[in-house]
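Working notes, beginning with the structure itself.
In the UniProt record's numbering, the protein residues as written are 1 to 127.
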């Protein structure tokens, strides 16, 4: 699948970061299906919306963090959805540990433009 026009579920609990990522994704021609802030809601939204990619923050509010969301998605969705983890430099070790358990791409920081497109392409290559 190409990264030219993707249906994306954006999961970010920081409103400013979510707005910046959403703008970047839309400007790149992608459709942002929804913006969620909680991991538990993300699981339901993924099943209902069937996005091409989930762009997911490592740390989330609520009972499920990004690690738990990826684990649950890998176990409960028939066809694993590609994931791009958005991680701060402090969160990178945790994201890299999870990368060993499930194929996913990591985007360090908010990521914009070319870096975000590369991360999307990388995540799709695992699908």
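Cβ coordinates follow ideal geometry from the N, Cα and C atoms, glycine included.
Do you know how far the Cα of residue 33 is from the Cα of residue 49?
7 angstroms
Looking only at C-alpha atoms, which of 42, 84, 95 sits nearest to residue 72?
42
Can you tell me where the alpha helix (DSSP H) holding residue 28 begins and where it ends?
Segment: none, residue 28 is in no alpha helix (DSSP H) and carries neither H nor E.
Are the beta-carbon atoms of residue 46 and residue 35 separated by less than 9 angstroms?
no
By the three-class DSSP mapping on this structure, what secondary structure does residue 56 have?
strand
When you compare the CB of residue 53 with every CB in chain D, is at least one pair closer than 9 angstroms?
Looking for chain D here will not work: only one protein chain is present.
Per DSSP, what are the beta-bridge partners of residue 7 in this structure?
BP columns for residue 7 point to 31.
Measure the beta-carbon distance from residue 57 to residue 86 and round it to whole angstroms, keeping in mind my assumption that it falls under 8 angstroms.
Confirmed, about 5 angstroms.
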